[in-house]
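Right, one structure below, let's go through it.
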Amino acid sequence: SLPASALPGDGGRTWCVPPPWGESSGGGQEPPVSCAEAGQLVARGDGPDASSSAPCRFQKHVHTYRILPDDEDFLAVQTSQGVQVRRFKTLGELIALYLQPNQGLVCTLLFAVEREKEKESAEDRDYSGTRGGPSYPPPTLGVSVPAGAGAVTPTLLLPCRWAPLCPSPCPHGVPIISHEYLKGSYTLDLEAVRAGASSLPHLNKTLVTSCKRLHSEVDKVLAGLEILSKVFDQQSSPMVSKILQQVPTVPTALGWQGGALKALQEMSSATPAPPAQPLSRKAKSIPVQTFEVKLDVTLGDLTKIGKSQKYTLSVDVEGGKLVVLKKQKDSQEDWNTFTHDKIRQLIKSQRVQNKLGIVFEKEKDKTQRKDFVFVSARKREAFCQLLQLMKNKHSHQDEPDMISIFIGTWNMGSVPPPKSITSWFTSKGLGKTLDEVTVSIPHDIYVFGTQENSTGDKEWVDFLRAVLKDFTEIEYRPVAMQSLWNIKVVVLVKPEHENRISHVSTSSVKTGIANTLGNKGAVGVSFMFNGTSFGFVNCHLTSGNEKTARRNQNYLDILRLLSLGDKQLSSFDISLRFTHLFWFGDLNYRLDMDIQEILNYISRKEFEPLLKVDQLNLEKEKHKVFLRFAEEEITFPPTYRYERGSRDTYVWHKQKPTGVRTNVPSWCDRILWKSYPETHVNCNAYGCTDDIMTSDHSPVFGSFEVGVTSQFVSKKGLSKSSEQAYIEFESIEAIVKTASRTKFFIEFYSTCLEEFKKSFENDSQSSDNINFLKVQWSSRQLPTLKPILSEIEYLQDQHLLLTVKSLDGYESYGECVIALKSMIGSTAQQFLTYLAHRGEETGNIRGSMKVRVPAERMGTRERLYGELGGGVWGGFWGWGGGGGGRAPGGEWLRAMGLERYEQGLLHNGWDDLEFLSDITEEDLEEAGVLDPGHKRVLLESLQLRK
Numbered sequence: 001s002l003p004a005s006a007l008p009g010d011g012g013r014t015w016c017v018p019p020p021w022g023e024s025s026g027g028g029q030e031p032p033v034s035c036a037e038a039g040q041l042v043a044r045g046d047g048p049d050a051s052s053s054a055p056c057r058f059q060k061h062v063h064t065y066r067i068l069p070d071d072e073d074f075l076a077v078q079t080s081q082g083v084q085v086r087r088f089k090t091l092g093e094l095i096a097l098y099l100q101p102n103q104g105l106v107c108t109l110l111f112a113v114e115r116e117k118e119k120e121s122a123e124d125r126d127y128s129g130t131r132g133g134p135s136y137p138p139p140t141l142g143v144s145v146p147a148g149a150g151a152v153t154p155t156l157l158l159p160c161r162w163a164p165l166c167p168s169p170c171p172h173g174v175p176i177i178s179h180e181y182l183k184g185s186y187t188l189d190l191e192a193v194r195a196g197a198s199s200l201p202h203l204n205k206t207l208v209t210s211c212k213r214l215h216s217e218v219d220k221v222l223a224g225l226e227i228l229s230k231v232f233d234q235q236s237s238p239m240v241s242k243i244l245q246q247v248p249t250v251p252t253a254l255g256w257q258g259g260a261l262k263a264l265q266e267m268s269s270a271t272p273a274p275p276a277q278p279l280s281r282k283a284k285s286i287p288v289q290t291f292e293v294k295l296d297v298t299l300g301d302l303t304k305i306g307k308s309q310k311y312t313l314s315v316d317v318e319g320g321k322l323v324v325l326k327k328q329k330d331s332q333e334d335w336n337t338f339t340h341d342k343i344r345q346l347i348k349s350q351r352v353q354n355k356l357g358i359v360f361e362k363e364k365d366k367t368q369r370k371d372f373v374f375v376s377a378r379k380r381e382a383f384c385q386l387l388q389l390m391k392n393k394h395s396h397q398d399e400p401d402m403i404s405i406f407i408g409t410w411n412m413g414s415v416p417p418p419k420s421i422t423s424w425f426t427s428k429g430l431g432k433t434l435d436e437v438t439v440s441i442p443h444d445i446y447v448f449g450t451q452e453n454s455t456g457d458k459e460w461v462d463f464l465r466a467v468l469k470d471f472t473e474i475e476y477r478p479v480a481m482q483s484l485w486n487i488k489v490v491v492l493v494k495p496e497h498e499n500r501i502s503h504v505s506t507s508s509v510k511t512g513i514a515n516t517l518g519n520k521g522a523v524g525v526s527f528m529f530n531g532t533s534f535g536f537v538n539c540h541l542t543s544g545n546e547k548t549a550r551r552n553q554n555y556l557d558i559l560r561l562l563s564l565g566d567k568q569l570s571s572f573d574i575s576l577r578f579t580h581l582f583w584f585g586d587l588n589y590r591l592d593m594d595i596q597e598i599l600n601y602i603s604r605k606e607f608e609p610l611l612k613v614d615q616l617n618l619e620k621e622k623h624k625v626f627l628r629f630a631e632e633e634i635t636f637p638p639t640y641r642y643e644r645g646s647r648d649t650y651v652w653h654k655q656k657p658t659g660v661r662t663n664v665p666s667w668c669d670r671i672l673w674k675s676y677p678e679t680h681v682n683c684n685a686y687g688c689t690d691d692i693m694t695s696d697h698s699p700v701f702g703s704f705e706v707g708v709t710s711q712f713v714s715k716k717g718l719s720k721s722s723e724q725a726y727i728e729f730e731s732i733e734a735i736v737k738t739a740s741r742t743k744f745f746i747e748f749y750s751t752c753l754e755e756f757k758k759s760f761e762n763d764s765q766s767s768d769n770i771n772f773l774k775v776q777w778s779s780r781q782l783p784t785l786k787p788i789l790s791e792i793e794y795l796q797d798q799h800l801l802l803t804v805k806s807l808d809g810y811e812s813y814g815e816c817v818i819a820l821k822s823m824i825g826s827t828a829q830q831f832l833t834y835l836a837h838r839g840e841e842t843g844n845i846r847g848s849m850k851v852r853v854p855a856e857r858m859g860t861r862e863r864l865y866g867e868l869g870g871g872v873w874g875g876f877w878g879w880g881g882g883g884g885g886r887a888p889g890g891e892w893l894r895a896m897g898l899e900r901y902e903q904g905l906l907h908n909g910w911d912d913l914e915f916l917s918d919i920t921e922e923d924l925e926e927a928g929v930l931d932p933g934h935k936r937v938l939l940e941s942l943q944l945r946k
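Reminder that position 775 of the sequence shown reads as 775 in UniProt numbering, one-by-one numbering, no gaps.
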């Protein structure tokens, strides 16, 4: 085999040509040059023609051969042993002859090896031993026939990096074990694996048969085994195969069948690329992951079986299967395999953080639930994430119901980043981190927020895309990049989601000196992901221990001035414009405690006393900032102010032009979020890195699973008048913060309405407090709303935005959002929520309404989560996405004005879908629900959800 440049008219191919007998070096002698693998060509330039001489290690010997054009440009192979040299005008004629045996070569020609196109010209290429032989294309399966070869059919062309290893059968005793298997039985084993087989019978038979002749054919068997081991070990290095150094018995020869089986399984599940094109890099496949669990049983069941039963749950993401293995006595095992479409629901318990209920489909319209207890809550989350990934991968639905989002914030300290920031975007370090099972799974969306980032905008985006590609092997696409001085936000998305992104908007707000300098402020990005709106805000607020009030004002300015999202929602601040809003950055809130006390608590890893004096937490409790925003529990040390180059030492004195400033260690870098009620959002990770030390801040990471909706298309067309859904109000009562006694009206906004609607002015009002006014609307004063689509599947994902405005100045006195999901039914449902305006709580609003859906439009599709108002993934109490600090089920109770019963229900153990669906009037009384009207409302609501 020679470089293509040495062969005229070769059509850009390299031919694997066995060397002549006379050029063989001594048996077992090491190659005169470093051969990468046995059988692989390494060109060298120490002969009279640097491009014509090539040593090749073949069957533990090194041979040298030449194919040379003579003075008349005829081609010839240099042979010996008395075989006459033949001359050919074309390479095709030469090949046709040497495909036949006994022509003076060690065996026949084998096959063509397709060469990659190289940028450099043939004259400029360096094929010296220092650079190795020509590179091989990416692995592919197929047969390649050179131009001009006529009817010649080469031997099986293996993936090209294995091609030089495959010998040809010949009468001279060359080993045939690998050739026969790879030519025939190999395809049978591959088809068996595709059909679900768990063994390789033909490979087993080949090995057993061959090993019987070990005494007489050790060399031949060893050579064949070496070839097969390399075929199935795609990651092998030049020294991977040690088989040549030992004489195998039958068991050891069969020992690597597991690797061969795994390789064939991977090959059978992969989609082959077109033979003529190199394969692009694909995302890494996820291996089968196993979880040790115990079956959760009642006390009565426990007395019957004697002890809790141990199970193993194996998630095969690529194969779309969950194997539930029950461990029995005497090492016996009993298992059931559930395909992805047979897993109906996942129900997380809120009381027992490591408990999960799984609802399986046993027969048509019949389900079975099993509750499992995991080793830890972290393992439960990892299992749920893998199962969701499996459902997304194999679902027949065109659009995802759930996506994963990474959010990172880092004050870089005006220093370039280190070469490796892998720990940041893989959520590794301190605090709540991802389980090792899921850490390598790429997110759908990555959002990077930085402050004091001196890197250029394009350079920073290119850097982030490069580090993600190195880790995930995916070319993430930029959605948006927005910067304000050195404050930057970058959003990257998987290529498969690029067309699902629309309505991209960016904005920035300066909050520096006199709100004119951009050294402090915020940048934001918003967009639609199919039918779900997202907003991302990265900010850098005023620094200094004593500047709490200034930081609060920075937040309110950003909330009011950042121009993102739907412009029709200008009456609402950005905290109500998006289904999901994530707000992160260097918020600069500090700890109100003596420095030595802080250091003592940190050294003991006691963070609770510190969080009680955290300025952000204190201001949130006073409802001064981040009203109704959520934040995951902080279990990592303060991220500021470290000594650069170390994560062991805090530095709290900082020299400023105005003197020495004290900066106590603090959680300056935070990630918060606010979501519409009855949507799904779950934080799987919240922590900081401990190995990125270029700045005095540690990077902070957050990983979220977020429910999304599709761009709904009705399968039944536009609604007829008889099939029109209606949103009807019986009454609304609002308490607004005002000393005025003017009249008010309500505006209704929603993506499910063609345009916003207005009510008439309120028909009654009263005041028990000079600073508050109670205003009421009866059904006569309220509009009936007609959604543009009437399908329940569409309406259960929709929300209504309400703003209460005065008649005298059209000024808003409060805004709120209501989920339609809980309001769907033939009877009116109660709702109750708070009113807010410009970041301040201004009152509350309650009412009675129903969403009437015609029977013809009641069909819904199955979702793995969200059947209970976003709560199947979050357990029954998963309703509502924006709370924080309380059981999310309180959102459901507060919507009906019955939040007083939350603790009683939780105390009595009513936190699971299966049991709550069967709750009785007596059960409610035991939980403290004694009012007959309240019992009726709760039972009707539960019956509707059932």
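In this text, a Cβ means the ideal position worked out from N, Cα and C, and glycines have one as well.
These numbers come from a predicted model, not from an experiment.
- Item | Close Cβ partners of Gly518 (< 8 Å) along its chain, the five nearest in sequence each way excluded | On the sequence shown, residue 518 is found 518 positions in, with the first residue counted as 1. If we look at Gly518 and ignore the five residues flanking it on each side, its Cβ neighbours are Leu484, Trp485, Ile487, Ser508, Lys510, Gly512.
- Cβ neighbour criterion (16 or more within 10 Å) applied to Gly535: Here residue 535 corresponds to residue number 535 of the sequence shown, with the count starting at 1. With 16 or more other Cβ atoms within 10 Å, it is buried.
- Task: Kindly list the residues whose CB is nearer than 6 Å to the CB of Phe629, restricted to its own chain and excluding five residues on each side of it in sequence; keep chain order.
- Result: Locating residue 629 in the sequence shown gives position 629, counting from the first residue. Cβ within range, chain order: Leu672, Lys674.
- Message: In the DSSP output, which residue or residues are listed as bridge partners for Asp334?
- Response: For the purposes of this step, residue 334 is taken as the residue at position 334 of the sequence shown. Lys326, per the DSSP bridge assignment.
- Arg549 lies in the alpha helix (DSSP H); which residues open and close that run? As a position in the sequence shown, residue 549 is number 549, starting the count at 1. It should be pointed out that residue 549 corresponds to Ala in this sequence rather than to Arg. 548 to 561 is the extent of the alpha helix (DSSP H) around Ala549.
- What is the rounded straight-line gap between the Cα of Asn600 and the Cα of Trp652? Counted from its first residue, the sequence shown places residue 600 at position 600. Counted from its first residue, the sequence shown places residue 652 at position 652. Each residue's Cα considered, the two are about 14 Å apart.
- Message: If you follow the beta strand (DSSP E) that His394 is in, where does it begin and where does it stop?
- Response: Working through the sequence shown from its first residue, we reach residue 394 at position 394. Per DSSP, His394 belongs to no beta strand (DSSP E); it is in the alpha helix (DSSP H), 377 to 394.
- Three or more C-beta pairs below 8 Å linking the region 730 to 745 and the region 698 to 708: no
- Message: Quick check on the burial criterion: 16 or more other C-beta atoms within 10 angstroms. Buried or exposed for Glu940?
- Response: Against the sequence shown, residue 940 aligns to sequence position 940. By the neighbour-count rule (16 or more Cβ atoms within 10 Å), Glu940 is not buried but exposed.
- Query: In three-state terms, what does DSSP make of Lys60?
  - Reply: Against the sequence shown, residue 60 aligns to sequence position 60. Low confidence applies here, because Lys60 scores a pLDDT of 47, under 50, leaving its location unreliable and the question unanswered by this model.
- Query: What did DSSP end up calling Tyr749 once you bin it into helix, strand or coil?
  - Reply: For the purposes of this step, residue 749 is identified with residue 749 of the sequence shown, where counting begins at 1. Strand at Tyr749.
- Task: With a 10 Å radius around its C-beta and 16 neighbouring C-beta atoms as the bar for buried, classify Glu793 as buried or exposed.
- Result: Here the question's residue 793 lines up with position 793 in the sequence shown. The residue in question, Glu793, is buried, as its Cβ has 16 or more Cβ neighbours within 10 Å.
- Query: Is the region 836 to 843 touching the region 587 to 605, taking contact as three or more C-beta pairs under 8 Å?
  - Reply: no
- Exposed or buried, Trp335, counting other C-beta atoms within 10 Å across all chains shown (16 or more means buried)? In the sequence shown, the residue the question calls residue 335 occupies position 335. Exposed, by the Cβ-count rule.
- Message: Within 10 Å of its beta-carbon, does Ala927 have 16 or more other beta-carbons around it, so buried, or fewer, so exposed?
- Response: Residue numbering aside, residue 927 sits at position 927 when the sequence shown is read from its first letter. Buried.
- Item | Cβ shell of Ser34 (< 6 Å), same chain only, five flanking positions each side left out | The residue given as residue 34 occupies position 34 in the sequence shown. With a pLDDT of 36 at Ser34, under the threshold of 50, the predicted position of this residue should be treated as unreliable, though the coordinate-derived value follows. Correct list: empty, nothing qualifies.
- Determine the direct distance from the alpha carbon of Phe729 to that of Val437, and round the result to whole angstroms. Working through the sequence shown from its first residue, we reach residue 437 at position 437. Working through the sequence shown from its first residue, we reach residue 729 at position 729. If I take the Cα positions, the gap works out to 49 Å.
- Outcome for Asn499 when other beta-carbon atoms lying within 10 angstroms are tallied against a minimum of 16: For the purposes of this step, residue 499 is taken as the residue at position 499 of the sequence shown. Under this definition Asn499 is an exposed residue.
- Message: Among the candidates Val937, Ala522, Gln568, whose CA atom is the shortest distance from the CA of Gln553?
- Response: Sequence index remark: in the sequence shown, residue 553 carries index 553 (1-based). It is Ala522 whose Cα lies nearest to the Cα of Gln553.
- Excluding sequence positions up to five away, which residues of its chain have a Cβ less than 8 Å from the Cβ of Leu807? Taking the sequence shown and counting its residues from 1, one reaches residue 807 at position 807. Taken in chain order, the residues that qualify are Thr742, Lys743, Phe744, Phe745, Glu761.
- Message: For Gly311 and Ser440, what's the separation of their Cα atoms in angstroms?
- Response: Within the sequence shown, the letter at position 311 stands for residue 311. Within the sequence shown, the letter at position 440 stands for residue 440. As written in the sequence, residue 311 is Tyr, which differs from the Gly given in the question. Those two C-alpha atoms are separated by around 25 Å.
- Query: Looking only at its own chain, which residues have a Cβ that is under 6 Å from the Cβ of Leu541, when we skip the five neighbours before and after it?
  - Reply: Looking up residue 541 in the sequence shown gives position 541. Correct list, in chain order: Arg551, Asn554, Leu587, Asn588.
- What is the residue span of the alpha helix (DSSP H) that Asn519 lies within? Residue mapping note: residue 519 aligns to position 519 of the sequence shown, counting from 1. Asn519 -> no alpha helix (DSSP H), and no H or E assigned at all.
- Item | Every unbroken alpha helix (DSSP H) inside the region 603 to 652 [4 residues or more] | 608 to 611, 615 to 621
- Message: Quick check on the burial criterion: 16 or more other C-beta atoms within 10 angstroms. Buried or exposed for Ala43?
- Response: Counted from its first residue, the sequence shown places residue 43 at position 43. Interpretation of Ala43 is limited by its pLDDT of 36, a score under 50 that renders its predicted location unreliable; no figure is taken from the coordinates.
- Cβ-based neighbour list, Gly413, same chain, cut-off 6 Å, excluding 5 preceding and 5 following: Position 413 of the sequence shown, counted from the first residue, corresponds to residue 413. Once the five neighbours on either side are set aside, the close Cβ partners of Gly413 are Glu452, Ser695, Asp696.
- Under 8 Å by Cβ, that's how I've got Val373 and Asn392 pegged, so tell me the actual separation to the nearest angstrom. Taking the sequence shown and counting its residues from 1, one reaches residue 373 at position 373. Taking the sequence shown and counting its residues from 1, one reaches residue 392 at position 392. Contact doesn't hold; Cβ gap of about 26 Å is too wide.
- So Asn684 and Gln385 are in contact, right, with Cβ under 8 Å, and what is the actual spacing, rounded? Taking the first residue of the sequence shown as position 1, residue 684 is located at position 684. Taking the first residue of the sequence shown as position 1, residue 385 is located at position 385. About 7 Å separates the two Cβ atoms, so the contact holds.
- Message: For a test of the three-state rule: what should DSSP assign to Trp583, helix, strand or coil?
- Response: Numbered from its first residue, the sequence shown carries residue 583 at position 583. Strand, per DSSP.
- Query: Going straight from the alpha carbon of His837 to that of Thr337, what length do you get?
  - Reply: Here residue 837 corresponds to residue number 837 of the sequence shown, with the count starting at 1. Here residue 337 corresponds to residue number 337 of the sequence shown, with the count starting at 1. Each residue's alpha carbon lies about 53 Å from the other.
- Is the region 610 to 624 touching the region 640 to 656 in the sense that three or more CB pairs, one from each, lie closer than 8 Å? no
- Item | Residue closest to Glu755, alpha-carbon to alpha-carbon, out of Leu785, Gln596, Ser314 | Locating residue 755 in the sequence shown gives position 755, where the first residue counts as 1. Out of Leu785, Gln596, Ser314, Leu785 has the C-alpha closest to the C-alpha of Glu755.
- Item | Contact belief for Glu733 with Gln776 at Cβ below 8 Å, rounded distance in angstroms | What you label residue 733 is simply residue 733 of the sequence shown in a count that begins at 1. What you label residue 776 is simply residue 776 of the sequence shown in a count that begins at 1. Going by Cβ atoms, the distance from Glu733 to Gln776 rounds to 5 Å, so yes, they are a contact pair.
- What is the DSSP secondary structure of Gln765, counted as helix, strand or coil? Counted from its first residue, the sequence shown places residue 765 at position 765. DSSP places Gln765 in strand when its eight states are reduced to three.
- Helix or strand or just coil, what does DSSP make of Leu939? Working through the sequence shown from its first residue, we reach residue 939 at position 939. Helix, per DSSP.
- Quick one: what's got a C-beta closer than 6 Å to Ile727's C-beta in the same chain, skipping five residues either side? Position 727 of the sequence shown, counting from 1, holds the residue named residue 727. Around Ile727: Leu785, Val851.
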